[in-house]
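Novice: Before I ask anything, here is the structure I am working with.
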Amino acid sequence: MFQHGLGSTPERVMGLGDPSAYDGVGQQLVDAGYAVLAPMNLIHIPQRNRAQSLARLAGTTMEGLEFSRYQILLEAASELAPEVDVDAYALAGMSWGGLATQFWAPLDDRVAAAATLGFFNQRSNKMVVQDTRYGTFYDFDEHHAFLQGHLLGFGDADLASLICPRPFMVQHGRADRIAWWPQVVEEFGKAREHWVRLGVGDRVTLQLHEGGHDVDGAGLVAWLAEHFPAAG
């Protein structure tokens, strides 16, 4: 399962249209022997702000609704292609899709490996602390991103601890303006400690590349080959 980010589409994941930011990662995964499901989510900020407000009135969130929908999609995929085993799968996402990975992987035991790309961050800084080295959700009026407890209750390292001891990977570009990369490294260090204490530190990985808000497809495929190899 590869989840796209805001302003993007499943087609870009698969290398169609403008594939540059996604490095044609979906096609790379297919070429490596994986079946790839790339769901479509709400991609425009104004519409997502409105939908999130309505979801909150109903006592839920867009992320919760999308999680339920993607569970249905997995079941539909298993019916359409019975040869695809959905009882164990890898979950990866770019940008807002990285949030999906961090939120959804702890909720589904079928996720055998999880990778968050271009999203993992020092969360309180990303939400509201203005800085010339990165932009905040507050700066860009992304009200949909403000979730209860996400400032004081839990951060990205805490979410990662709920994925442990399963394989987990963070990928980030040093030139990516969604975060200042040293803060990503610091937060990753806090997350990694959970795996280290269990003696499985080799299951948690940080991949830094020299690009911006981009996918390093080869890096993801290589990591999956080690921790969730395609069925022969």
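Just so we're aligned, residue 159 is where the sequence shown starts under the working numbering, counting upward by one.
Beta carbons are placed, not taken as given, at the ideal position from N, Cα and C, and that holds for glycine.
These numbers were taken from a predicted model, which means no experiment stands behind them.
1. Tell me, which residues are paired with F160 by DSSP?
2. Do you know how far the Cα of R214 is from the Cα of H330?
3. Just curious, the alpha helix (DSSP H) that F326 is in, first and last residue?
4. Pull up the distance between the alpha-carbon of F312 and that of L212, whole angstroms please.
5. Give every residue of the same chain whose Cβ lies closer than 8 Å to the Cβ of D289, excluding the five residues on either side of it in the sequence, and list them in chain order.
6. Give the DSSP bridge partners of D289, in chain order.
7. How big is the Cα-Cα spacing for R268 and R324?
8. Given that a residue counts as buried once 16 or more other Cβ atoms are within 10 Å of its Cβ, and exposed if not, what is G370?
9. Using only alpha-carbon positions, find the residue among E221, G256, G175 and F304 that is nearest to Q161.
10. Is M259 helix, strand or coil by DSSP?
11. Starting from the C-beta of A349, find all residues in its chain whose C-beta is less than 6 Å away, skip the five residues before and the five after it, and write them out in chain order.
12. With respect to the beta strand (DSSP E) encompassing H367, which residues constitute its N-terminal and C-terminal limits?
13. With L275 as the anchor, note down where its alpha helix (DSSP H) starts and where it stops.
14. Hey, F386 and A248: beta-carbon distance below 7 Å or not?
15. Is N207 helix, strand or coil by DSSP?
16. Would you mind reading off the limits of the alpha helix (DSSP H) that contains I321?
17. Rounded to the nearest angstrom, what separates F238 and A246 at their Cα positions?
18. So A273 and M327 are supposed to be a Cβ contact under 8 Å. How far apart are they, rounded?
19. From G307, F277 and E368, pick the residue whose C-alpha is nearest to that of E345; which is it?
Specialist: Checking against the coordinates, here is how it stands:
1. Paired residue(s): A250.
2. A straight-line Cα-Cα distance of about 30 Å links H330 and R214.
3. Premise fails: F326 lies in the beta strand (DSSP E), F326 to G331, not in any alpha helix (DSSP H).
4. One alpha carbon belongs to F312, the other to L212, and they sit about 24 Å apart.
5. So the list reads N283 and W338, once near-sequence residues are dropped.
6. Partner(s): Y292.
7. Between R268 and R324, the C-alpha separation is close to 11 Å.
8. Exposed, by the Cβ-count rule.
9. Per the Cα distances, G256.
10. Reading the sequence as shown, one finds Thr at residue 259 and not Met. Residue state for T259 is assigned as helix, using DSSP reduced to three classes.
11. Its chain contains A315 and A318 as the residues whose beta carbon lies nearer than 6 Å to that of A349, once the 5 sequence neighbours on both sides are disregarded; these appear in chain order.
12. DSSP places H367 inside the beta strand (DSSP E), whose first and last residues are V362 to H367.
13. From DSSP, L275 is part of no alpha helix (DSSP H) but of the beta strand (DSSP E) over V269 to L275.
14. Yes, the pair counts as a contact, with Cβ atoms nearer than the cut-off.
15. In the structure shown, N207 adopts helical secondary structure according to DSSP, grouped into three states.
16. For I321, the enclosing alpha helix (DSSP H) stretches over residues D314 to I321.
17. In the sequence under discussion, the amino acid at residue 238 is Leu, which differs from the Phe named in the question. One alpha carbon belongs to L238, the other to A246, and they sit about 17 Å apart.
18. Contact holds; Cβ gap of about 4 Å.
19. That would be F277, whose Cα lies nearest to the Cα of E345.
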